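Q: Quick one: this structure, given as structure tokens, is what I'll be asking you about.
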Amino acid sequence: MSQATDQQGVGVFEPSYYRRCQCKGPLKDKEGNPVLDADGKPKIGDIGLTCPKLGKGHGTWYFYFEAERGEGNKRARIRRGGFTKLDDAKKKAKELYDAATAGTDVLSDETCGDFFLRWIKAKKSLARTTRHGYEEHINNYLLPHLGHIKRRDLKVRHLDKMYDAIEKENAERILHRLRVDQLQQERDAAHRAWVKTAGYAKKEERRAARRAFLDANAALREGKKGLRKVTSAATMHRINDTLSSALSWGIKREQAFAKNWAQLVELPPVTRPKPLVWTPERIEHWKRTGEKPGPVMVWTPELTGQFLDFVKDDWLYELWHSFIFLGPRRGEMAALPWTEVSTDALWLRISQQIVEVAYKLYGEAPKADSVRTLSLSLESGDNLVSFRAKQEQKRQEWGEAYVETGRVWTHENGEALHPDWISRRFTRLVELSGLAPVRLHDLRHLAATLSLLAGTDIKVVQEKLGHSSRQITSDTYTSVLPEMMRAEAESVMAVVPREVPFEVRTPLTIPERTWQGDIAVFFAHGARQSGDTWAVGAQTQPDCDLLGMITLAGRGQDDAANAAVKWIRDHCTAHDLELVRVENFNDRYPEEQRADFSLTRFTIARSESPGVDGWALPTGLPPAASRTARGASKGRRKAA
Numbered sequence: 003m004s005q006a007t008d009q010q011g012v013g014v015f016e017p018s019y020y021r022r023c024q025c026k027g028p029l030k031d032k033e034g035n036p037v038l039d040a041d042g043k044p045k046i047g048d049i050g051l052t053c054p055k056l057g058k059g060h061g062t063w064y065f066y067f068e069a070e071r072g073e074g075n076k077r078a079r080i081r082r083g084g085f086t087k088l089d090d091a092k093k094k095a096k097e098l099y100d101a102a103t104a105g106t107d108v109l110s111d112e113t114c115g116d117f118f119l120r121w122i123k124a125k126k127s128l129a130r131t132t133r134h135g136y137e138e139h140i141n142n143y144l145l146p147h148l149g150h151i152k153r154r155d156l157k158v159r160h161l162d163k164m165y166d167a168i169e170k171e172n173a174e175r176i177l178h179r180l181r182v183d184q185l186q187q188e189r190d191a192a193h194r195a196w197v198k199t200a201g202y203a204k205k206e207e208r209r210a211a212r213r214a215f216l217d218a219n220a221a222l223r224e225g226k227k228g229l230r231k232v233t234s235a236a237t238m239h240r241i242n243d244t245l246s247s248a249l250s251w252g253i254k255r256e257q258a259f260a261k262n263w264a265q266l267v268e269l270p271p272v273t274r275p276k277p278l279v280w281t282p283e284r285i286e287h288w289k290r291t292g293e294k295p296g297p298v299m300v301w302t303p304e305l306t307g308q309f310l311d312f313v314k315d316d317w318l319y320e321l322w323h324s325f326i327f328l329g330p331r332r333g334e335m336a337a338l339p340w341t342e343v344s345t346d347a348l349w350l351r352i353s354q355q356i357v358e359v360a361y362k363l364y365g366e367a368p369k370a371d372s373v374r375t376l377s378l379s380l381e382s383g384d385n386l387v388s389f390r391a392k393q394e395q396k397r398q399e400w401g402e403a404y405v406e407t408g409r410v411w412t413h414e415n416g417e418a419l420h421p422d423w424i425s426r427r428f429t430r431l432v433e434l435s436g437l438a439p440v441r442l443h444d445l446r447h448l449a450a451t452l453s454l455l456a457g458t459d460i461k462v463v464q465e466k467l468g469h470s471s472r473q474i475t476s477d478t479y480t481s482v483l484p485e486m487m488r489a490e491a492e493s494v495m496a497v498v499p500r501e502v503p504f505e506v507r508t509p510l511t512i513p514e515r516t517w518q519g520d521i522a523v524f525f526a527h528g529a530r531q532s533g534d535t536w537a538v539g540a541q542t543q544p545d546c547d548l549l550g551m552i553t554l555a556g557r558g559q560d561d562a563a564n565a566a567v568k569w570i571r572d573h574c575t576a577h578d579l580e581l582v583r584v585e586n587f588n589d590r591y592p593e594e595q596r597a598d599f600s601l602t603r604f605t606i607a608r609s610e611s612p613g614v615d616g617w618a619l620p621t622g623l624p625p626a627a628s629r630t631a632r633g634a635s636k637g638r639r640k641a642a
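Sequential numbering from 3 applies to the sequence shown in this note's numbering.
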């Protein structure tokens, strides 16, 4: 078939189609004569194009067409085969022609593995941690599953197979972990049995118990070999992001792919865990079972204060204080130099960070959104003055052995802090304190929620944390602490109160002993008297005297609870109190008792507080000298 060429130099789409098979037989020359070998015998070879059996049901379809000539006007012919139907061959030929016309090198034999390595080498501007993550994804996932495929043949089905294989590996890893957990339990049981034999058992019995423990310990060590982490759905999304970045680069630079196949993959959904607050109920559950309610946990202000009180004598108390109230990242604190801190003007600037790659440390600039200046409170400023005084004292004690780094946060000998060491030190302090566990990064969430609880605008919190968008801050933090949105902290029935008529039998009186500071907590317990008549009494405990009582005609426990809410709300309004929280415990009763009892817990607060009327509000900051003096005296008190 003749072949024309269009104006762009790409061959006009006039492919040639033909059949061939894999049959072998005597070879013939162009004239049809047998081809003989050196011994005069007919040569046997591939007769796929001349096989007499070629026809319907025998052989497969092939095609070829001319592509744009290469360097030096070198001829380029695109050829493919193995199609059972002619229509399939035509479809593939058109697909390759369109790709070649768009600039894709359809003749390339480069594998995906070679392409991925070429891509990561060409990415010169990647941050160190980003590059490390890309390289892990390439080495651990992309090369093993896609590396052997020719770049030109890559399709979305290959990606689907890769993620199916990852999920299959996950199932095997989960089973492996379950086996290791079982071996761990058996080892621990054997150790306990051995310890119990001390002091009373015969030597032979102790020897047997010890041997059982050693065997169980050896089995555990053997079982742990090859133990690997489960690839989470979030990790699969990050792998796909790496793949998408590589394919996009290939498309933009050299039309290496027809499409970005990574964008067509369907992966398991990922729900970003939101912070949960350590409520008394969750703490009780954790103490009983050792289970955390979620991966991201936040202390209440009360628990935060308990932690700060516990670590007040720790060398890095001021660092933990900064994490809680400023919300920096650990790498930012590890890199912070004294040149970026002003204790007089009360600010510090985050412009550097320490990143860890395979436990090696590297200094680099944060992302553009993370470069920021943080305003310091007077207490935070005093803390920095105090820590600088402690550093100076240690510098004199260590003498020439002191390491000069210029960093704000250091060990006692002046050495810089490793970010991972900071995390491990914080975890150990939390364990020693006995408080519900949180991670060091959770203090970043805590700083945000405390700021929002104090009424700070969410845009200010976004800039404080160095988030790239306000939406990230809003989605993560606006529902963390119950105290942040008291309307939501109350039950639905309190937000939408119902008018249930009631009669006050005994006026509500809250004695002073009920108050814990400015907070009082008590219950309203309702019980059906007869028919539709209910009595609701307020008590701090079931066996305590009534603080007050009402009666009503109600159809059930919800009416009794709604009447109690109206009663307490009216009392708070009349006595200048604030209804902080309403909790409905009606569902705690067994099904057969719900028709006759109700229980509601109320938290109220005294709202008396000094106002600003009559104050001449200050327009400037206190003199720097007074702050410095105050900070220095504080440092001397701590040093003493």
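All C-beta atoms, glycine included, are put in the ideal place defined by N, C-alpha and C. Just so you know, these numbers come straight off a predicted model, no measurement behind them.
1) Going by alpha carbons, who is nearest to L144 out of A129, G436, I122?
2) Count the other CB atoms within 10 Å of the CB of V343; is the residue buried (16 or more) or exposed (fewer)?
3) For M299 versus D444, is the C-beta distance shorter than 8 Å?
4) For the alpha helix (DSSP H) holding D311, just list the boundary residues, first then last.
5) Of all the options R208, A566, P271, A264, which has the alpha carbon lying nearest to the alpha carbon of A236?
6) Can we say the stretch 37-54 touches the stretch 12-29, given the rule of at least three CB pairs closer than 8 Å?
7) Got a sec, what are the start and stop residues for the beta strand (DSSP E) F15 sits in?
8) Please classify A40 as buried or exposed, where buried requires at least 16 neighbouring CB atoms within 10 angstroms.
9) Where does the unbroken alpha helix (DSSP H) through F389 begin, and where does it stop?
10) Give the secondary structure of S600 by DSSP, where H, G and I count as helix, E and B as strand, and everything else as coil.
11) Helix, strand or coil for S377 per DSSP?
12) Note down, in chain order, each residue of its chain lying with its Cβ closer than 6 Å to the Cβ of T602, except the 5 sequence neighbours on either side.
13) Do the CB positions of I460 and V506 come within less than 8 Å of each other?
14) Going along the chain, which unbroken runs of the beta strand (DSSP E) with 3 or more residues stay wholly within the stretch 503-549?
15) Would you mind giving the Cβ-Cβ distance between L338 and V410, rounded to the nearest angstrom? I have them listed as a contact below 8 Å.
16) According to DSSP, simplified to helix, strand and coil, what is A627?
17) Using only CA atoms, which one of L245, A192, T511 lies nearest to K137?
18) Taking W349 as part of the beta strand (DSSP E), name the residues at either end of that continuous run.
19) Compute the beta-carbon to beta-carbon distance between L29 and K45, rounded to the nearest angstrom, for a pair I have assumed lies under 8 Å.
20) Looking at the unbroken beta strand (DSSP E) that takes in L579, where does it start and where does it end?
21) Write down every uninterrupted run of the beta strand (DSSP E) in the stretch 424-465 whose length is 3 residues or greater and which is fully enclosed by it, in chain order.
22) Look up A91 in the DSSP assignment and give the residues it is bridged to.
23) Inspect the CB distances between the stretch 222-238 and the stretch 171-179 and report whether three or more fall short of 8 Å.
24) If we require 4 or more residues per run, which alpha helix (DSSP H) segments fall completely within the stretch 100-157?
25) Mind checking R515: buried by the 16 CB within 10 Å criterion, or exposed?
26) According to DSSP, is D316 part of a helix, a strand, or is it coil?
27) With a CB to CB cut of under 6 Å and the five nearest residues on each side skipped, what residues in its chain are close to V373?
28) Would you give the residue range spanned by the alpha helix (DSSP H) that K226 belongs to?
29) For R181, tell me which candidate among T511, Y19, K568, R223 has the shortest Cα-Cα distance.
30) Please tell me whether I570 and L581 are closer than 8 Å, where the distance is taken between their beta carbons.
31) For G468, report the span of its beta strand (DSSP E) as first-last.
32) Rounded to whole angstroms, what's the CA-CA distance from D315 to T412? Just pull it up for me.
33) A496: buried (16+ other C-beta within 10 angstroms of its C-beta) or exposed?
34) Would you please state the rounded distance, in angstroms, between the beta carbons of L328 and S382? I believe it to be under 8 Å.
35) Over what stretch of residues does the beta strand (DSSP E) that includes R82 continue unbroken?
36) Starting from the Cα of G533, find the closest Cα among W517, V523, Q559, I512 and give me that residue.
A: With the given structure in hand:
1) As a first step, residue 144 must be located in the sequence shown, where it is residue number 142. When only C-alpha atoms are compared, the closest one is I122.
2) Residue mapping note: residue 343 aligns to position 341 of the sequence shown, counting from 1. With 16 or more other Cβ atoms within 10 Å, it is buried.
3) Along the sequence shown, one-based indexing puts residue 299 at 297. Along the sequence shown, one-based indexing puts residue 444 at 442. Yes, Cβ-Cβ distance for M299 and D444 is below 8 Å.
4) The residue given as residue 311 occupies position 309 in the sequence shown. Here the alpha helix (DSSP H) through D311 covers 303-312.
5) Locating residue 236 in the sequence shown gives position 234, where the first residue counts as 1. Comparing alpha carbon positions, the residue from R208, A566, P271, A264 closest to A236 is P271.
6) yes
7) Position 13 of the sequence shown, counted from the start, is the residue given in the question as residue 15. No beta strand (DSSP E) contains F15, which DSSP labels as neither H nor E.
8) Position 38 of the sequence shown, counted from the start, is the residue given in the question as residue 40. Result: exposed.
9) Within the sequence shown, numbered from 1, the residue matching residue 389 stands at position 387. F389 -> alpha helix (DSSP H) spans 380-400.
10) Translated into positions along the sequence shown, residue 600 becomes position 598. Note: S600 maps to strand in three-state DSSP.
11) Translated into the one-based positions of the sequence shown, residue 377 becomes position 375. Of the three classes helix, strand and coil, the one that applies to S377 here is strand, per DSSP.
12) Reading the sequence shown from its first residue, position 600 is the one you call residue 602. These residues qualify, in order along the chain: A526, A563, A566, N586.
13) Along the sequence shown, one-based indexing puts residue 460 at 458. Along the sequence shown, one-based indexing puts residue 506 at 504. Result no, Cβ atoms of I460 and V506 do not sit closer than 8 Å.
14) Restricting attention to beta strand (DSSP E) runs no shorter than 3 residues, the stretch 503-549 encloses them at 504-508, 521-532, 535-541, ordered along the chain.
15) Your numbering for residue 338 matches position 336 in the sequence shown. Your numbering for residue 410 matches position 408 in the sequence shown. With 8 Å as the limit, L338 and V410 qualify as a contact, their Cβ atoms being about 5 Å apart.
16) Translated into positions along the sequence shown, residue 627 becomes position 625. With a pLDDT of only 42 at A627, under 50, the local geometry of the prediction cannot be trusted, and the value read off the model is given with reservation. A627: helix per DSSP, three-state reduction.
17) Residue 137 sits at position 135 when you count from the first residue of the sequence shown. Here the sequence assigns Glu to residue 137, which means Lys is not the residue at that position. Among L245, A192, T511, the Cα nearest to that of E137 is on L245.
18) As a first step, residue 349 must be located in the sequence shown, where it is residue number 347. Start and end: 349-352.
19) For the purposes of this step, residue 29 is identified with residue 27 of the sequence shown, where counting begins at 1. For the purposes of this step, residue 45 is identified with residue 43 of the sequence shown, where counting begins at 1. At roughly 5 Å, the Cβ-Cβ gap stays under 8 Å, so L29 and K45 are in contact.
20) To locate residue 579, count along the sequence shown from 1; it is residue 577. Residues 579-586.
21) none
22) If you number the sequence shown from 1, residue 91 lands on position 89. DSSP, once it has assigned bridges, lists no residue as partnering A91.
23) yes
24) 114-124, 130-139, 145-148
25) The residue you call residue 515 lines up with position 513 of the sequence shown. With fewer than 16 other Cβ atoms within 10 Å, it is exposed.
26) Within the sequence shown, the letter at position 314 stands for residue 316. Coil, per DSSP.
27) For the purposes of this step, residue 373 is identified with residue 371 of the sequence shown, where counting begins at 1. In its chain, beyond the 5 residues on either side, S353 have a beta carbon closer than 6 Å to the beta carbon of V373.
28) For the purposes of this step, residue 226 is taken as residue 224 along the sequence shown, with counting starting at 1. Start and end: 205-226.
29) Translated into positions along the sequence shown, residue 181 becomes position 179. Considering only alpha carbons, the answer is R223.
30) Taking the first residue of the sequence shown as position 1, residue 570 is located at position 568. Taking the first residue of the sequence shown as position 1, residue 581 is located at position 579. Yes, Cβ-Cβ distance for I570 and L581 is below 8 Å.
31) If you number the sequence shown from 1, residue 468 lands on position 466. Premise fails: G468 is in no beta strand (DSSP E) and is neither H nor E.
32) In the sequence shown, the residue the question calls residue 315 occupies position 313. In the sequence shown, the residue the question calls residue 412 occupies position 410. Taking the CA atoms as reference points, D315 sits about 16 Å from T412.
33) By one-based count along the sequence shown, residue 496 stands at place 494. Interpretation of A496 is limited by its pLDDT of 44, a score under 50 that renders its predicted location unreliable; no figure is taken from the coordinates.
34) Looking up residue 328 in the sequence shown gives position 326. Looking up residue 382 in the sequence shown gives position 380. Indeed, because the Cβ distance is near 7 Å, the residues count as touching under 8 Å.
35) Here residue 82 refers to the residue found at position 80 when the sequence shown is read from its first residue. According to the DSSP assignment, R82 belongs to the beta strand (DSSP E) that extends over 79-85.
36) Here the question's residue 533 lines up with position 531 in the sequence shown. When only C-alpha atoms are compared, the closest one is Q559.
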